[in-house]
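Chains as they are written, first to last, in the numbering used here: chain A, 361 to 478; chain B, 192 to 303.
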């Protein structure tokens, strides 16, 4: 089991460019989550998706950020017109179908994509 | 005020020491409590998971939750240099655990 795969691991963009981060969940997992880790800060929730559906995007900035999880292929976090403040590590996590009160719905994290905006 | 407070450290201990890591929180709706370990340049990996108040033990690790005090702890016995990492507490109020609120993380170094 390859785990949660994220790519690219490192991405450098100039201000105003677009960044696309990809995440392939663990085999058998249908839920994907994106978190952002800024320097000297903890992980912050951004968005929760299932195939073709955004379930919770309450942590996403209102502008320039979007996420999708298509029927086929990886989940993509897209940042348009990047600014220096977008420099961070972006982590994707996945989980199996929620087990509800019967047990934990544990998140498995990928190794992260580190975005640097020059 | 942050929803979850965690002393960032750094914390440095000798090999074999007992390590105590703590978080406090303000949201009384939190019911699910987790500890993640994150090595440098890696993703967080789940160490311990507890529901509501109580203790949970797994090898050298013990997690404690005191909901009345809104306080959670992770104890590491017989600490090893390989335990050197950043430890993140996380919590959630819903059963799916989809939206985790993390502490800032405590950087731990265990010296041989």
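Backbone N, C-alpha and C define an ideal beta-carbon position, used for all residues, glycine too. Model, not experiment: these values are computed from the prediction.
Which residues in chain A sit within 8 Å of residue i, going by Cβ to Cβ distance?
i: residue 233(B); result: 471 and 472
i: residue 296(B); result: 402
Can you pull the chain A neighbours of residue i, defined as C-beta to C-beta under 7 Å?
i: residue 293(B); result: 402 and 403
i: residue 245(B); result: Residues of chain A passing the Cβ test: none, with the nearest at roughly 14 Å.
Compare the Cα-Cα distances from residue i to each of the options and report the closest residue.
i: residue 449(A); options: 437(A), 456(A), 441(A) and 384(A); result: 437(A)
i: residue 478(A); options: 369(A), 428(A) and 378(A); result: 378(A)
i: residue 440(A); options: 447(A), 455(A), 429(A) and 380(A); result: 380(A)
i: residue 456(A); options: 374(A), 368(A), 391(A) and 362(A); result: 391(A)
i: residue 418(A); options: 429(A), 405(A) and 428(A); result: 405(A)
i: residue 446(A); options: 393(A), 409(A) and 374(A); result: 374(A)
i: residue 215(B); options: 204(B), 231(B), 198(B) and 202(B); result: 198(B)
i: residue 442(A); options: 410(A), 476(A), 453(A) and 415(A); result: 476(A)
i: residue 291(B); options: 237(B), 204(B), 230(B) and 209(B); result: 237(B)
i: residue 435(A); options: 421(A), 444(A) and 414(A); result: 414(A)
Tell me the residue span of the beta strand (DSSP E) that contains residue i.
i: residue 205(B); result: 202-205
i: residue 263(B); result: 262-267
i: residue 254(B); result: 252-257
i: residue 245(B); result: 245-249
i: residue 370(A); result: 370-373
i: residue 230(B); result: Per DSSP, residue 230(B) belongs to no beta strand (DSSP E) and is neither H nor E.
i: residue 401(A); result: Taken as a continuous stretch (DSSP letters only), residue 401(A) belongs to no beta strand (DSSP E), as it is neither H nor E.
By Cβ distance below 6 Å, which residues in the same chain neighbour residue i in space, the five residues on each side in sequence not counted?
i: residue 293(B); result: 279 and 281
i: residue 296(B); result: 277 and 279
i: residue 213(B); result: 264
i: residue 370(A); result: 474
i: residue 224(B); result: 241, 256, 263 and 282
i: residue 412(A); result: 431
Return the chain-ordered list of same chain residues with a C-beta closer than 8 Å to the C-beta of residue i, the five sequence neighbours on each side being excluded.
i: residue 206(B); result: 270, 271, 272, 301, 302 and 303
Below 8 Å on the Cβ atoms is my contact criterion, and I expect residue i with residue j to pass it. Report the Cβ-Cβ distance as a whole number of Å.
i: residue 364(A); j: residue 383(A); result: 7 Å
Taking residue i as the query, report the chain B residues whose CB atoms sit under 9 Å from its CB, ordered along the chain.
i: residue 466(A); result: 225, 237, 240 and 288
Give the residues of chain B in contact with residue i, contact being defined as C-beta atoms less than 7 Å apart.
i: residue 450(A); result: The contacting residues do not exist; residue 450(A) stays about 11 Å from chain B at best.
Note down, in chain order, every chain A residue with its Cβ under 9 Å from the Cβ of residue i.
i: residue 279(B); result: 402 and 403
Please return the same chain residues whose Cβ sits closer than 7 Å to the Cβ of residue i, not counting the five positions on each side in sequence.
i: residue 423(A); result: none
i: residue 274(B); result: 267, 299 and 301
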